[in-house]
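**Q** Those protein sequences? They're chains A and B, same order as listed.
The numbering used here puts the first residue of the first sequence at 993, with every later residue one more than the last.
The numbering used here puts the first residue of the second sequence at 1025, with every later residue one more than the last.
No residue lacks a Cβ here, since even glycine has one placed at the ideal position from N, Cα and C.
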Amino acid sequence: MSTTIIYEMKAIRIPGAPFDLASDLFLLAILSGSNNCYAGCGANAKRARSWGATVLGSSEDVIAHAIDWARHFEGRNTVWKNMGKTGELSAAEWIGKVRSTLSRPIECPERHLGLTSANVGSLTLSAKQAGDESLVRELLIQQLIYAREKPGQSAWHIIKVEGPGAV
Amino acid sequence: MPINETSHMKVSLASLSTQSVSSDQWIQYLVKSLSTATLTLALEETAVGVNGWRLLRAPRLELARKFLAFRSGPVFEAEAGMRLLNGKRVSAETYLKFHESLKVQDFGVMAMDLLADISVDRAYEKRIRGYHDHVWGIHPTIQDHGSDMLHVQVRLDCAEAFAFLEALNATVHVNVTPSSRQVAPAGETIDMFA
């Protein structure tokens, strides 16, 4: 059985107005990987990890996801940063980390929504599928539709996130 | 209208884990694993009165209403202000920490009966009678309406009943009622049905 290790997360605040929303949106980007999946070999082998944009919605939506996700921390099949004792978070600690991340978001300027690849802080957002030239705005709409159709499910397959720390 | 949790009880199933119910190794494992299991119950009130006690959390059981879930369950309700803790609105984190901090009491002092209500897939029908060579010593009520699912009710008052639920691999709804048993006094929650 594998364990998911979450190494880092960032919240990106996206203005709600272009989507006819009264409040801003938050995209939760997570750097994560499996405990038993390695990149490289021998002494250079390191646990593989990549960024993903799992959740898009209001801050309440993101916290609702965090509450659901907390079950995986309680079940010890998701840990924070390492496989040791300090990686084991309680449900409250995990939700607190997500709330803290939401409180210091990276701002995504409205003009970036019209690009096919947008740099937001140290992260770059583009389409997950190779050759897809969708604008960031269109990708976000796809993810909003996915969230409405499949409430509570993480969407790893729509937006590609590139950033530091990926292995 | 928010639900207000006004009294709480957390009980350990450890005293049940020493009961010997079967020579079957898997059932023995299920019973032994009760040593770390707890149940958390809350007395719920709304503006119109007392709703009664409800089982909120039972880590070893697949409750129909999960404690931690997306936009449902007690923790989300607390976060959204639909559920209060002793009259106060609290965050999900505060709510969870409060529940973690509850003093654990022995299952035997609980002045309540727990009746598990489950729908069991007919594929698991044999397991209602027994598991491999083990014949259950408990006596569940079974309703067969001829559909794919059987409706089973069992009183959760012994280790075997908890093992039975796990063996059925079913989602459980637990009804909490005042106890018909004589129990020892157990602090603030003992007079809840007085």
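So what does DSSP say about Lys1090/B, is it helix, strand or coil?
**A** Coil at Lys1090/B, not helix or strand.
**Q** Are the C-beta of Arg1041/A and some C-beta of chain B separated by less than 8 Å?
**A** No, no contact with chain B.
**Q** Show which residues of chain A have a CB atom less than 7 Å away from the CB atom of Val1099/B.
**A** Per Cβ cutoff of 7 Å: Ile1059.
**Q** State buried or exposed for Arg1081/B, treating a residue as buried only when at least 16 other CB atoms are found within 10 Å of its CB.
**A** By the neighbour-count rule (16 or more Cβ atoms within 10 Å), Arg1081/B is buried.
**Q** Excluding sequence positions up to five away, which residues of its chain have a Cβ less than 8 Å from the Cβ of Ile1027/B?
**A** Correct list, in chain order: Glu1068, Glu1069, Thr1070, Asn1075, Glu1101, Met1106, Arg1107, Leu1108.
**Q** I'd like to know whether the C-beta atoms of Val1128/B and Lys1056/B end up nearer to each other than 8 Å.
**A** It is not a contact, given that the beta carbons lie outside the stated cut-off.
**Q** Going by DSSP, which residues form a beta bridge with Gly1049/A?
**A** In DSSP, Gly1049/A forms a bridge with Phe1018/A.
**Q** Going by the CB atoms, is the gap between Phe1094/B and Pro1007/A shorter than 8 Å?
**A** No.
**Q** Could you list which residues in chain B have their beta carbon closer than 9 Å to that of Arg1063/A, in chain order?
**A** Within chain B, the residues near Arg1063/A are Lys1090, Phe1091, Leu1092, Ala1093.
**Q** Once the 5 residues before and after Asn1028/A are set aside, which same chain residues still bring their CB inside 7 Å of it?
**A** Ser994, listed in sequence order.
**Q** Using the beta-carbon count (16 or more within 10 Å), is Leu1058/B buried or exposed?
**A** Under this definition Leu1058/B is a buried residue.
**Q** Which residue spans inside the region 1109-1138 of chain A form an unbroken beta strand (DSSP E) run of at least 3?
**A** Runs found: 1110-1112, 1115-1119.
**Q** Between the alpha carbons of Asn1193/B and Arg1179/B, how many angstroms are there, rounded?
**A** Looking at the two C-alpha atoms, the distance is approximately 17 Å.
**Q** What separation, rounded to the nearest whole angstrom, lies between the Cα atoms of Val1207/B and Leu1037/B?
**A** Here the model assigns Val1207/B a pLDDT of 49, short of 50, so the residue's position is not dependable, and the following value carries that caveat. Distance between the alpha carbons of Val1207/B and Leu1037/B: 16 Å.
**Q** Among the candidates Ile1004/A, Ala1037/A, Phe1018/A, whose CA atom is the shortest distance from the CA of Val1159/A?
**A** The shortest C-alpha separation from Val1159/A is found at Ala1037/A.
**Q** Going by Cα to Cα distance, which pick from Ser1046/B, Arg1078/B, Val1159/B is closest to Ser1031/B?
**A** For Ser1031/B, the nearest C-alpha among the options comes from Arg1078/B.
**Q** Report back the beta-carbon spacing between Leu1094/A and Phe1018/A to the nearest angstrom; my notes put them in contact at under 8 Å.
**A** About 6 Å; that satisfies the 8 Å criterion.
**Q** Distance check for Met1173/B and Ala1147/B, CA to CA, integer angstroms please.
**A** Those two C-alpha atoms are separated by around 9 Å.
**Q** Tell me the rounded alpha-carbon separation between Lys1120/A and Gln1134/A.
**A** When rounded, the distance between both Cα atoms is 12 Å.
**Q** For Asp1130/B versus Ser1039/B, is the C-beta distance shorter than 8 Å?
**A** Yes; because the gap between Cβ atoms is below 8 Å, this pair is in contact.
**Q** Quick one, which of Ile1051/B, Glu1190/B, Phe1091/B has its alpha-carbon nearest Arg1084/B's?
**A** Comparing Cα-Cα distances from Arg1084/B to each of Ile1051/B, Glu1190/B, Phe1091/B, the minimum goes to Glu1190/B.
**Q** Roughly how many whole angstroms lie between the Cα atoms of Lys1112/B and Ile1087/A?
**A** In a straight line, the C-alpha of Lys1112/B is about 20 Å away from that of Ile1087/A.
**Q** How is the alpha helix (DSSP H) around Ala1187/B delimited, first residue to last?
**A** Run containing Ala1187/B: 1183-1192, per the alpha helix (DSSP H) assignment.
**Q** For Phe1217/B, which residues of its own chain have a beta-carbon under 6 Å away from its beta-carbon, when the five flanking residues on both sides are left out?
**A** Residue confidence for Phe1217/B is low, a pLDDT of 38 falling below 50, so the modelled location carries little weight and cannot support an answer.
**Q** Could you give the distance in angstroms between the alpha-carbon of Gln1049/B and the alpha-carbon of Thr1118/B?
**A** In a straight line, the C-alpha of Gln1049/B is about 40 Å away from that of Thr1118/B.
**Q** Which ranges would you report for the alpha helix (DSSP H) in the region 1066-1147 of chain B if only whole runs of at least 4 residues count?
**A** DSSP runs (the alpha helix (DSSP H)) wholly in the region 1066-1147 of chain B: 1097-1103, 1116-1125.
**Q** Based on Cα-Cα distance, which residue from Ala1066/B, Leu1087/B, Ala1104/B, Pro1098/B lies nearest to Ala1135/B?
**A** Looking at the Cα atoms, Ala1066/B is the closest of the given residues.
**Q** Hey, how far is the Cα of Tyr1030/A from the Cα of Ser1044/B?
**A** When rounded, the distance between both Cα atoms is 45 Å.
**Q** Straight-line CA distance for Val1198/B to Ala1183/B?
**A** Those two C-alpha atoms are separated by around 16 Å.
**Q** Please classify Ala1038/B: does DSSP put it in a helix, a strand, or coil?
**A** Looking at Ala1038/B - three-state DSSP - the assignment turns out to be helix.
**Q** Considering only C-alpha positions, which residue in the set Gly1132/B, Ser1171/B, Val1133/B is nearest to Glu1149/B?
**A** Of the listed residues, the one whose Cα sits closest to Glu1149/B is Ser1171/B.
**Q** Does any C-beta atom of chain A lie closer than 8 Å to the C-beta of Ile1214/B?
**A** Low confidence applies here, because Ile1214/B scores a pLDDT of 35, under 50, leaving its location unreliable; read the following figure in that light. With 8 Å as the cut-off, Ile1214/B does not count as an interface residue toward chain A.
**Q** Three-state secondary structure (DSSP) at Arg1179/B?
**A** Looking at Arg1179/B - three-state DSSP - the assignment turns out to be strand.
**Q** Going along chain B, which residues have a C-beta under 8 Å from Ala1009/A?
**A** Within chain B, no residue comes near Ala1009/A; the closest Cβ sits about 25 Å away, beyond 8 Å.
**Q** By alpha-carbon positions, which one of Gly1132/B, Leu1120/B, His1169/B, Ser1096/B ends up nearest to Val1144/B?
**A** Nearest C-alpha to Val1144/B: His1169/B.
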